[in-house]
Ligand SMILES: C[S@@+](CC[C@H](N)C(=O)[O-])C[C@H]1O[C@@H](n2cnc3c(N)ncnc32)[C@H](O)[C@@H]1O
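Numbering (the numbering used here), first residue to last: -14 to 236.
Printed below as a string of structure tokens:
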């Protein structure tokens, strides 16, 4: 099978001026994204999301807020016959995703654009997936994303969202999204990565959009858009906070 990797730009002139929150909160940190993602165990979260999404051969999937393509590539590793498109406003991350897809010899379409306009015809997708991206999207964008996912999915198609949030307990509040581990001394790359880890945890804690994910936030977002059977199917207590996996179906 030959690898077909392409990047398309679907942004309007106005959208090109539109600010967005990059993967690590700051554009200059993005070259570290993949190493940071690897050491902080995001790969295991992606593998769980892939299991939940359960993509079949030949099925069409859009990965919303795909960043450097790690969830898209995990989907293709599990189901090489899937037709995967990654969507993200960040051109640097998309180019990195394209390089990785070519190195692996897989086919991947990458679209530069925003979550509120999923690059697919009406009722044409089998799955919409999204990992750690919804908390980067503002209130209007979240609602528009949920409605557009419903438009783009065929009846029976599913949306699977992995992100910080879900029901919180006192323990999560002490150690998770609202927690902190205090300052730790040290030098070298591990100290730097630990420092980045603390930075990420506090960014998550301070992010007002993460607050929209708490409790039933994502479930309600999808139900109000018209999805059926929206529910948390799993959660993981990650060092940056509680991560929820929510799945819903278009009837
Ligand atoms: C933390 S990264 C997650 C990347 C990838 N999904 C992963 O799991 O590694 C969040 C991503 O959301 C993207 N993003 C920010 N605003 C967005 C928007 N309005 N629509 C779609 N993606 C957006 C960022 O560019 C970034 O790549």
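No residue lacks a Cβ here, since even glycine has one placed at the ideal position from N, Cα and C.
Please return the same chain residues whose Cβ sits closer than 8 angstroms to the Cβ of residue i, not counting the five positions on each side in sequence.
| i | result |
| --- | --- |
| residue 218 | 37, 230, 231 and 232 |
| residue 60 | 35, 38, 40, 46, 48, 67, 69 and 114 |
Please go through the same chain and pick out, in chain order, the residues whose beta-carbon is closer than 6 angstroms to the beta-carbon of residue i, but skip the five residues on each side of it.
| i | result |
| --- | --- |
| residue 215 | 204, 207, 208 and 233 |
| residue 66 | 42 and 43 |
| residue 5 | 74 |
| residue 18 | 8, 9 and 53 |
| residue 185 | 225 |
Would you call residue i buried or exposed, if buried means 16 or more other Cβ atoms sit within 10 Å of its Cβ?
| i | result |
| --- | --- |
| residue 42 | exposed |
| residue 107 | exposed |
| residue 1 | exposed |
| residue 29 | exposed |
| residue 20 | exposed |
| residue -2 | exposed |
| residue 140 | exposed |
| residue 193 | exposed |
| residue -5 | exposed |
| residue -13 | exposed |
| residue 16 | exposed |
| residue 50 | buried |
Which residue marks the beginning of the beta strand (DSSP E) containing residue i, and which one marks its end?
| i | result |
| --- | --- |
| residue 215 | 213 to 223 |
| residue 116 | 110 to 116 |
| residue 149 | 138 to 149 |
| residue -7 | -10 to -6 |
| residue 229 | 226 to 234 |
| residue 45 | 45 to 49 |
So the alpha helix (DSSP H) residue i belongs to, where does it begin and stop?
| i | result |
| --- | --- |
| residue 194 | 193 to 198 |
| residue 27 | 27 to 38 |
| residue 253 | Since the first residue of the chain shown is -14 and the last is 236, residue 253 is not available in this structure. |
| residue 202 | 202 to 210 |
| residue 23 | 18 to 24 |
For residue i and residue j, what's the separation of their Cα atoms in angstroms?
| i | j | result |
| --- | --- | --- |
| residue 55 | residue 83 | 11 angstroms |
| residue 109 | residue 191 | 37 angstroms |
| residue 225 | residue 78 | 22 angstroms |
| residue 120 | residue 148 | 7 angstroms |
| residue 143 | residue 102 | 17 angstroms |
| residue 198 | residue 14 | 25 angstroms |
| residue 133 | residue 89 | 31 angstroms |
| residue 138 | residue 72 | 15 angstroms |
| residue 236 | residue 211 | 9 angstroms |
| residue 112 | residue 87 | 23 angstroms |
| residue -8 | residue 80 | 8 angstroms |
| residue 213 | residue 130 | 16 angstroms |
Between residue i and the rest of its own chain, which residues show a CB-CB distance below 7 angstroms, the 5 nearest in sequence each way excluded?
| i | result |
| --- | --- |
| residue 220 | 151, 227, 228, 229 and 230 |
| residue 125 | none |
| residue 76 | 97 |
Taking only runs that begin and end inside the stretch 64 to 135, name each unbroken alpha helix (DSSP H) of 4 or more residues, in chain order. 76 to 89
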